[in-house]
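I have placed the structure first, in the form of structure tokens, so that the comments after it can refer back to it.
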Amino acid sequence: MTDLTTFEGLLDAINDDGGREVLNPATGQLVGKTPVHTEADLDRAVATARQAQRDWAARSHAERSEALNRAADAIEASAEALAGLLSREQGKPLNGPNARFEVGACSAWTRANAAFPLEPEVLVDDESGHAELTYEPIGVVGGIGPWNWPMMISIWQIAPALRMGNTIVLKPSEYTPLSVLGLVAVMNQVLPAGVLQVVAGEGELGRALTTHDGIDKITFTGSVETGKAIMRTVADDLKRITLELGGNDAGIVLEDFDVAAHAEDLFWGAFINTGQTCAALKRLYVPDSKYDEVCQALTDLAQKMPMGEGLDENNVLGPLQNQAQYDIVARLVDAARDSGATILTGGNPDASGAGYFYPTTLVSDIDNANPLVAEEQFGPALPIIRYSDLDQAIEWANGLDVGLGSSVWSDDLDAAKQVAARLQAGTTWINKHGAIDPRVPFGGMKESGFGLEFGVEGLKHMGLPKVTSW
Ligand code: NAD
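The UniProt record's numbering numbers the first residue of the sequence shown as 1 and each following residue consecutively.
Given below as structure tokens:
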């Protein structure tokens, strides 16, 4: 049997010699070849998942939790191999809050879902009668994901789906299929056959998954545009749906913010995964009194954080994952410069190398209506917008159609909480941004999402609520 604890063994297990080449976005070198599945392959996977679901759903919660814990053990045993694969395919460095961190989150989320209590909830228990709420498996879940955190986002779909007694068929992003195939191969060493499968292909295969009559629920993470298309598609047969979509997160610095104490938190809130993170800080509103100090602190950090090829342990920032994303960032930063904004650092890519490297970029003296502020640029650029009136800053923060995350930066917790209460976002962090926890529900307001992930609340979104009353 192939040894999936080594990178070579893992790649050998998933590589398809006749498949499509996947290149490392840092070097342009071949990582491996992905299978390209057809709709007939999808039909087979769904049929297998339906068959497997009967036995899986009949198991107790304790048995399913035990299986998930064994899967987490397997992820931990293959952690370095998985991180190496992820780094080569996605581009993110092994080091820093990147590839190893992502693989660690995969086992953490799996264990957390294994541990969540799912006892019947007693709603009424008095002389008028009794009512209990339980959650039943939905059936076969179709999971569709993006390319930025491909393993972690797959786990957000896999772990609660399986714990609840569903089986799942994943359709990873065409940019990062190997990472998901690798993760699933590792977990399938210990999971029962058929409960967890992957079909690799482009958006059209994702669409086929959403229209498939053997699929009972779609859980999707990706762009707002695709989320809307999927919602329209599943309306025909009323499939259950969870949508985790794009964002354009605002952060508001208050007057009493201790810049030196939290500058690194601010930096990583914006630039984790080279800014390719749905809930990363994308627009920072700073009062006049703190403006120069915040700009300087972030510029100092941006200039000292090493960016480069992911397998080099010195690097903490990697390339953009693909040409299309690189082009979006370059276009928006160029347009900001042309409009008269100041590029404090970055913004001037060296096009001579092989990878999609775009330097860490900070932009000041920029108007709130500038497209670099108003559009989801999903890369390593942060516009810093000056404000003199807090109400105005809150209005700007709330002024977009999306509302995934947001943050408030202040030494006064009460003042920060008052501002947090006025921000239209699924999560508002205080003195941090994007810090997720498997126990804490996560989801978007407005066009950023529909439904919840994580925590017992997220687990319940993978089940059908069922009331028994007597
Ligand atoms: P995308 O919407 O282009 O693609 C996501 C997935 O959908 C891919 O697997 C793609 O093949 C598939 N797809 C495309 N068209 C489809 C269709 N018609 N039907 C079904 N599937 C289809 O998104 P992306 O560019 O891969 O990812 C980046 C986006 O994801 C950003 O907007 C980011 O904010 C968002 N995102 C959100 C979260 C969150 O938790 N809210 C997390 C990560 C990324």
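The beta-carbon is built from N, C-alpha and C at its ideal position, and this holds for glycine as well.
Here the structure is a predicted model, which means the values were calculated and not measured.
Residue range R20 to L23 is occupied by the beta strand (DSSP E) that includes L23. Assignment of beta-bridge partners to V363 by DSSP yields I343 and P383.
Remark: the C-beta of T210 is in contact range of ligand 1, defined as less than 6 Å to any heavy atom.
Look at the beta carbons and you see the stretch 397–404 touching the stretch 240–259: at least three pairs across the two are nearer than 8 Å.
When only Cα atoms are considered, R163 and Q189 end up about 17 Å apart. Proximity to T221 across A420, K171, A393 and A99 peaks at K171, based on C-alpha coordinates. Closest by C-alpha distance to E453, out of E80, A161, N148 and P25, is A161. Per DSSP, the beta bridge partners of D249 are L281. Looking at the DSSP output, W409 shares a beta bridge with V253. In the structure shown, H262 adopts helical secondary structure according to DSSP, grouped into three states. For N314, the number of other beta carbons within 10 angstroms of its own is below 16, and it is reported as exposed. Under the DSSP definition of a beta bridge, E121 partners with L133. Its chain contains E132 and T134 as the residues whose beta carbon lies nearer than 6 Å to that of P120, once the 5 sequence neighbours on both sides are disregarded; these appear in chain order. Nearest Cα to N98 within the set L317, Q325 and S364: L317. According to the DSSP assignment, T299 belongs to the alpha helix (DSSP H) that extends over D288 to K304. When C-alpha distances from T6 are compared across V186, I328 and L382, the shortest belongs to V186. Inclusion of R207 in the 6 Å shell around ligand 1 follows from its C-beta lying nearer than that to a non-hydrogen atom of the ligand. As computed with DSSP, Q197 is found in a beta bridge with V169. Nearest neighbour of L266 by Cα position, chosen from W409, A74, V122 and L209, turns out to be W409. With respect to the C-alpha of R331, the residue from P25, A263, V373 and E39 having the closest C-alpha is V373. Set against 6 Å, the gap from the CB of S406 to the closest heavy atom of ligand 1 is not smaller. DSSP places D126 within a strand segment (E or B) once states are collapsed to three. CA-CA distance, K92 to R439, rounds to 25 Å. Taking all protein chains in view, the Cβ of S289 is surrounded by fewer than 16 other Cβ atoms within 10 Å, so the residue is classified as exposed. Placement of the Cβ of S173 at a distance of less than 6 Å from at least one heavy atom of ligand 1 is found.
Its chain contains V199 and A208 as the residues whose beta carbon lies nearer than 6 Å to that of L42, once the 5 sequence neighbours on both sides are disregarded; these appear in chain order. Here T345 has T299, A302, Q303, P359, T360, T361 and L362 as same chain residues with Cβ atoms under 8 Å from its own Cβ, once five neighbours each way along the sequence are excluded. One thing to note: I385 has its Cβ no nearer than 7 Å to the Cβ of A336.
Here Q424 has N398, G403, M445 and K446 as same chain residues with Cβ atoms under 7 Å from its own Cβ, once five neighbours each way along the sequence are excluded.
Take the alpha-carbon of T48 and the one of W109: they are about 25 Å apart. Unbroken alpha helix (DSSP H) runs of no fewer than 4 residues, entirely contained in the stretch 403–459, are found at 413–421, following chain order.
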